[in-house]
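Read the structure below first, then the notes.
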Amino acid sequence: MIGLALRNLWRNQRRSATTLLAMMIGMLSILLFGGYSRTVYYGLETDFVGRTGHLQLQRKDYFWFGSGDPQGYSLHDYQQLADEIRLDPVLAPLLRVVTPVLQFGGIAGNFDAGLSKLVIVQGVDVAAQNEMRRWNDYQLAITPDLLSMDPKVPNEAEIGVGVARMLQLCSQLTLPDCPAQEVNNEGSPDVGGSLLSADIAALATSQSDPSSPATSGAQLELLAASTGGAPNVNRLQINRAVTTGAKELDEVYLAMLLPQAQQLLYGEPGQQVTALQIQLQHSSDLELARSRLQQLIAEKWAAQPLEVHDFQTLNPAFGQITGMFAAIFGFITILISAIVLFTVGNTMSMAVLERTVEIGTLRTLGLRRSGIRRLFVSEGLLLGLTGAGLGTIMSLFFAALINQAGFSWVPPGNSNPVPITIRLWGEHQMLLSIAVTVVVVATISAWWPARRAAKQDVVDALRYV
Amino acid sequence: MSLAQLHHLSKTYALGQVRVQALTNVSLQLKPACFTVLSGPSGSGKTTLLNLIAGIDRPDEGSIEIAGQSLQQLSDNALTDFRARNIGYIFQNFNLLPVLTAYENIEYPLHLNKTPAALRRKRVLQLLEAVGLADKAQSRPNQLSGGQRQRVAIARALVHQPLLVLADEPTANLDSQTGAQIIALMRELQRQQKTAFVFSSHDPQVIASADHLVLLKDGHLQAPQPLQEAV
Chain A
824 MIGLALRNLW
834 RNQRRSATTL
844 LAMMIGMLSI
854 LLFGGYSRTV
864 YYGLETDFVG
874 RTGHLQLQRK
884 DYFWFGSGDP
894 QGYSLHDYQQ
904 LADEIRLDPV
914 LAPLLRVVTP
924 VLQFGGIAGN
934 FDAGLSKLVI
944 VQGVDVAAQN
954 EMRRWNDYQL
964 AITPDLLSMD
974 PKVPNEAEIG
984 VGVARMLQLC
994 SQLTLPDCPA
1004 QEVNNEGSPD
1014 VGGSLLSADI
1024 AALATSQSDP
1034 SSPATSGAQL
1044 ELLAASTGGA
1054 PNVNRLQINR
1064 AVTTGAKELD
1074 EVYLAMLLPQ
1084 AQQLLYGEPG
1094 QQVTALQIQL
1104 QHSSDLELAR
1114 SRLQQLIAEK
1124 WAAQPLEVHD
1134 FQTLNPAFGQ
1144 ITGMFAAIFG
1154 FITILISAIV
1164 LFTVGNTMSM
1174 AVLERTVEIG
1184 TLRTLGLRRS
1194 GIRRLFVSEG
1204 LLLGLTGAGL
1214 GTIMSLFFAA
1224 LINQAGFSWV
1234 PPGNSNPVPI
1244 TIRLWGEHQM
1254 LLSIAVTVVV
1264 VATISAWWPA
1274 RRAAKQDVVD
1284 ALRYV
Chain D
2 MSLAQLHHLS
12 KTYALGQVRV
22 QALTNVSLQL
32 KPACFTVLSG
42 PSGSGKTTLL
52 NLIAGIDRPD
62 EGSIEIAGQS
72 LQQLSDNALT
82 DFRARNIGYI
92 FQNFNLLPVL
102 TAYENIEYPL
112 HLNKTPAALR
122 RKRVLQLLEA
132 VGLADKAQSR
142 PNQLSGGQRQ
152 RVAIARALVH
162 QPLLVLADEP
172 TANLDSQTGA
182 QIIALMRELQ
192 RQQKTAFVFS
202 SHDPQVIASA
212 DHLVLLKDGH
222 LQAPQPLQEA
232 V
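From first to last, the protein sequence lines stand for chains A and D.
Here the first sequence is numbered in the working numbering, starting from 824 and rising by one per residue.
Here the second sequence is numbered in the working numbering, starting from 2 and rising by one per residue.
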């Protein structure tokens, strides 16, 4: 039956070739977009996991209310928690980095220019954070954007380019494309923030670490409300301004060393942070790690109300962007499937029409209706298998060609251009699912003409001219 | 004893909005190992009667029994299987499958009957030899002459040793010399295999070779007449 189907397809080579070409181009479209989407997924995941870890252990409800009351939603004894995580027999083999982070809101001021700006402060362990940013489980052609602060220089910090622009620090940080602020009629800059008073500046000077080296270049004063509501100020040496990829983030981002951040918020370096970031070796272990952490929360750390969130929850943009790509991918797949459906259906309908007498002959010789149906469905199946096979090969070839071409773009959430990569090689599940879809669609599209062929009256078929 | 019994067969066709009475009350008995010719002018109902005997069409009235099996009682699948086992059919236009070689065309009915491979090969080679096409086994139909194609069709009709071989004007598309050769071949094979042959034809050469002549006119069976007179 398959042999006969194959010869029948070969009999009308031009039509079969046209149908195959339509299927191959369809597969090419789906797979190139799929491969591109996959690169975007992996790029985003690498970026988010590099910045926030796979999982974060937080005090219960910090995720909802913590940014307004970081002290109230702090994690206590975080070093002990981190050690227990690192030594846990289930989690240990899965882990890459466990590091504390302290996040709170503050006011950054350029005292010299009389400017201020609300910022979100990240107090971090620089070495651990940089190790997290080097996570590249998908072997993407990217260079991690590492934190620039020196852990030995306590007052070092980095800010977003938006913060630098608002605080008029562009020239000190030698930032390109950083417009100067217009001066209003009264002669003072037209800013939304408030002017720092001289007494706060004086406070900053008095609270600065006397052991820190003499400051020069870009500096700012960071004001935060300490426990009990008293203001606390720290003078920071800004060593660079970074682009996060989102203007909103660039205008609030400030990263500094964890001990200085703790001192600013709690009055002294202590045992409190707002989260423990947990980065795994592989994202595929996320569910296992999460369930183990939840077990530990319930059984071992019950004294402190804790909860665990994954990077997708912490970065809603990830779900939104991947969801958008998934929707477009699904739409393209449906569209191409419809084209394949009608192309193969049309080819098979033509074949049924042309071979009407042959159908009558086969029925006369003793082939059942089901046999006629099988014959034409087999032809659709063979077309699908050949189209899927050749389409996969063609897609891999074009993907390799594009990958070698050296095109680049700036994906969502990134600040720097990355090479356009069509990731198909090794994506067995995607390749297989699309190939199976094409085969199934081709087979289904042959089914209706096959049914019509099988239902033909034998005498009418033999008489067909 | 008869191989096939046809009782009061009637068949009407619709041609657009016109009803055409193709057969009216035809009763007939076909003897085993007999060379029967259905003859009559165009539109007399020869092909319709042949189609009814072959089981590829069903009568409006009447019944057909072949080798004790009433065709009316069979489902579509059972009737198809019955055809595959017991009927051989030779078409006016040969109707060989163009993608298969002469060998494969002859072999096809054996596939339908699930004959073992070794036996298939033996039978096909026998028939190729019998019809004088042993050297054309691997030729496709478009590489064969009209006479050769009809020989392949004859071999295909006989390969599974059916009870009955039906031939619809088998010489109509052949020149008279080739036609005569084909008739002689069929006659020879019929004698060898002791298979009943039923032809529809108004070719005098075919009629002259008949053991039994059935005349049809306007769908009615005519009174039997001597063969010489019919020719």
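A virtual CB, placed ideally from N, CA and C, is assigned to each residue, including glycine.
All values derive from a computational prediction rather than experimental measurement.
*Given a threshold of 16 other Cβ atoms within 10 Å of its Cβ, counted over all protein chains shown, does leucine 120 (chain D) qualify as buried or as exposed?*
Position 119 of the second sequence holds residue 120 (chain D). Exposed is the call here.
_For aspartate 169 (chain D) and threonine 48 (chain D), which I take to be in contact (beta-carbon distance under 8 Å), what is that distance rounded to the nearest angstrom?_
Here the question's residue 169 (chain D) lines up with position 168 in the second sequence. Here the question's residue 48 (chain D) lines up with position 47 in the second sequence. Contact flag correct, Cβ pair sits at about 6 Å.
*asked:* Given this structure, state the Cα-to-Cα distance separating glycine 946 (chain A) from phenylalanine 927 (chain A), to the nearest angstrom.
replied: Residue numbering aside, residue 946 (chain A) sits at position 123 when the first sequence is read from its first letter. Residue numbering aside, residue 927 (chain A) sits at position 104 when the first sequence is read from its first letter. Taking the straight line from one Cα to the other gives about 9 Å.
*If we ignore side chains and look at the alpha-carbon of each, how far apart do isoleucine 67 (chain D) and leucine 4 (chain D) end up?*
Sequence index remark: in the second sequence, residue 67 (chain D) carries index 66 (1-based). Sequence index remark: in the second sequence, residue 4 (chain D) carries index 3 (1-based). Their backbone Cα atoms lie some 6 Å apart in a straight line.
*Please list, in chain order, all residues of the same chain as leucine 925 (chain A) whose beta carbon is under 7 Å from its beta carbon, the five residues on each side excluded.*
Residue mapping note: residue 925 (chain A) aligns to position 102 of the first sequence, counting from 1. Counting only Cβ-Cβ distances below 7 Å, and skipping sequence neighbours, we find Gly946, Leu1081, Ala1084, Gln1085, Leu1088, Val1096, Thr1097.
*Taking the C-alpha atoms as reference points, what is the distance between phenylalanine 1230 (chain A) and arginine 861 (chain A)?*
Translated into positions along the first sequence, residue 1230 (chain A) becomes position 407. Translated into positions along the first sequence, residue 861 (chain A) becomes position 38. Between phenylalanine 1230 (chain A) and arginine 861 (chain A), the C-alpha separation is close to 17 Å.
*With alanine 951 (chain A) as the anchor, note down where its alpha helix (DSSP H) starts and where it stops.*
Position 128 of the first sequence, counting from 1, holds the residue named residue 951 (chain A). Here the alpha helix (DSSP H) through alanine 951 (chain A) covers 949-956.
*Between the segment 170-181 of chain D and chain A, which residues of the former have a C-beta closer than 7 Å to a C-beta of the latter?*
Look at the segment 170-181 of chain D: it has no residue with a C-beta under 7 Å from a C-beta of chain A.
*Can you check the segment 1217-1280 of chain A for any beta strand (DSSP E) of at least 3 residues that lies completely inside it and give the ranges in chain order?*
none
*Would you decide whether leucine 113 (chain D) is buried or exposed? Buried here means 16 or more other CB atoms lie within 10 Å of its CB.*
Position 112 of the second sequence, counted from the start, is the residue given in the question as residue 113 (chain D). With 16 or more other Cβ atoms within 10 Å, it is buried.
_Same chain, Cβ closer than 6 Å to arginine 1192 (chain A), five either side skipped, listed in chain order_ = Counting from one through the first sequence, the residue named residue 1192 (chain A) turns up at place 369. Hits under 6 Å: Ala1277.
*Simplified DSSP state of valine 1180 (chain A), which is helix, strand or coil*: Stepping through the first sequence from its first residue, residue 1180 (chain A) is reached at position 357. Note: valine 1180 (chain A) maps to helix in three-state DSSP.
_Within 10 Å of its beta-carbon, does lysine 1123 (chain A) have 16 or more other beta-carbons around it, so buried, or fewer, so exposed?_
Within the first sequence, numbered from 1, the residue matching residue 1123 (chain A) stands at position 300. It is exposed - the Cβ of lysine 1123 (chain A) has fewer than 16 other Cβ atoms within 10 Å.
*asked:* Suppose the cutoff is 6 Å on Cβ atoms and the five residues either side in sequence are ignored; what does the same chain contact list for leucine 1116 (chain A) look like?
replied: Stepping through the first sequence from its first residue, residue 1116 (chain A) is reached at position 293. Spatial neighbours of leucine 1116 (chain A) in its own chain (CB-CB distance under 6 Å, excluding positions within 5 residues in sequence) are listed in chain order as Val1131.
*Of all the options A:Leu1247, A:Asn835, A:Ser852, which has the alpha carbon lying nearest to the alpha carbon of valine 863 (chain A)?*
For this step, residue 863 (chain A) is matched to residue 40 along the first sequence. Relative to valine 863 (chain A), the option among A:Leu1247, A:Asn835, A:Ser852 whose CA is nearest is A:Leu1247.
*Would you mind giving the Cβ-Cβ distance between leucine 829 (chain A) and leucine 1205 (chain A), rounded to the nearest angstrom? I have them listed as a contact below 8 Å.*
Locating residue 829 (chain A) in the first sequence gives position 6, where the first residue counts as 1. Locating residue 1205 (chain A) in the first sequence gives position 382, where the first residue counts as 1. Contact flag correct, Cβ pair sits at about 6 Å.
*Chain-ordered chain A contacts of proline 42 (chain D) [CB-CB under 9 Å]*: Walking along the second sequence from the start, residue 42 (chain D) turns up at place 41. By Cβ distance, chain A contributes nothing, its closest Cβ being about 19 Å from proline 42 (chain D), past 9 Å.
*With DSSP as the reference, label tyrosine 961 (chain A) as helix, strand or coil.*
Taking the first residue of the first sequence as 1, we reach residue 961 (chain A) at position 138. Coil.
*asked:* Residues of the segment 141-167 of chain D in Cβ contact with chain A at a cutoff of 7 Å, in chain order, please.
replied: none
*Taking 8 Å as the threshold, find out whether the segment 872-885 of chain A comes into contact with the segment 1130-1149 of chain A through three or more Cβ pairs.*
Segments in contact, yes.
*Only counting runs of 4 or more residues, tell me where the alpha helix (DSSP H) segments fall wholly within the segment 1085-1157 of chain A, in order along the chain.*
1109-1122, 1134-1137
*With contact counted as at least three CB pairs below 8 Å, one residue from each stretch, are the segment 1259-1266 of chain A and the segment 1198-1213 of chain A in contact?*
yes
*If we cut at 7 Å on Cβ distances, does glycine 1203 (chain A) have a partner in chain D?*
If you number the first sequence from 1, residue 1203 (chain A) lands on position 380. No, glycine 1203 (chain A) lies away from the interface with chain D (no Cβ there is under 7 Å from its Cβ).
*Got a sec: is the Cβ-Cβ distance from arginine 84 (chain D) to anything in chain A below 7 Å?*
Position 83 of the second sequence, counting from 1, holds the residue named residue 84 (chain D). For arginine 84 (chain D), the answer is yes, since a Cβ of chain A falls inside 7 Å of its Cβ.
_Closer than 7 Å to chain D by CB, arginine 830 (chain A)_ = Here the question's residue 830 (chain A) lines up with position 7 in the first sequence. Judged by the 7 Å Cβ criterion, arginine 830 (chain A) is in contact with chain D.
*Given that a residue counts as buried once 16 or more other Cβ atoms are within 10 Å of its Cβ, and exposed if not, what is glutamate 1110 (chain A)?*
Reading the first sequence from its first residue, position 287 is the one you call residue 1110 (chain A). Of the residues assessed, glutamate 1110 (chain A) falls on the exposed side of the cut-off, its CB having fewer than 16 other CB atoms within 10 angstroms.
*Using a beta-carbon distance below 7 Å, is threonine 1136 (chain A) in contact with chain D?*
Stepping through the first sequence from its first residue, residue 1136 (chain A) is reached at position 313. Not one chain D Cβ lies under 7 Å of threonine 1136 (chain A).
*asked:* Which runs of the beta strand (DSSP E) at least 3 residues long sit entirely within the segment 845-906 of chain A? Give them in chain order.
replied: 878-882
*Report the three-state DSSP secondary structure of histidine 9 (chain D) (helix, strand or coil).*
Along the second sequence, one-based indexing puts residue 9 (chain D) at 8. Strand.
*Straight-line CA distance for valine 1075 (chain A) to glycine 873 (chain A)?*
As a working note, residue 1075 (chain A) is residue 252 in the first sequence. As a working note, residue 873 (chain A) is residue 50 in the first sequence. For valine 1075 (chain A) and glycine 873 (chain A), the distance between alpha carbons rounds to 19 Å.
_Contacts of threonine 81 (chain D) in chain A (Cβ-Cβ under 8 Å)_ = Locating residue 81 (chain D) in the second sequence gives position 80, counting from the first residue. Within 8 Å Cβ-Cβ: Arg1186, Gly1189, Leu1190, Arg1191, Arg1192.
*Along the chain, where does the alpha helix (DSSP H) that runs through isoleucine 54 (chain D) open and close?*
Position 53 of the second sequence, counted from the start, is the residue given in the question as residue 54 (chain D). From DSSP, the alpha helix (DSSP H) with isoleucine 54 (chain D) extends over 47-55.
*For leucine 51 (chain D), collect the residues of the same chain with a Cβ closer than 6 Å to its Cβ; drop the 5 residues on either side in sequence, then sort them by chain order.*
Walking along the second sequence from the start, residue 51 (chain D) turns up at place 50. Once the five neighbours on either side are set aside, the close Cβ partners of leucine 51 (chain D) are Leu167, Asp169, Ser201.
*Please name the residues in the segment 55-81 of chain D whose beta-carbon is closer than 8 Å to at least one beta-carbon of chain A, in chain order.*
Ala55, Ile57, Asp58, Asp77, Asn78, Thr81
*In chain A, which residues lie with their C-beta within 9 Å of the C-beta of tyrosine 104 (chain D)?*
Translated into positions along the second sequence, residue 104 (chain D) becomes position 103. Simply none; closest approach about 13 Å.
_Check this for me: beta carbons of alanine 1290 (chain A) and alanine 987 (chain A), under 7 Å apart or not?_
Because chain A here runs from 824 to 1288, residue 1290 (chain A) falls outside it and cannot be looked at.
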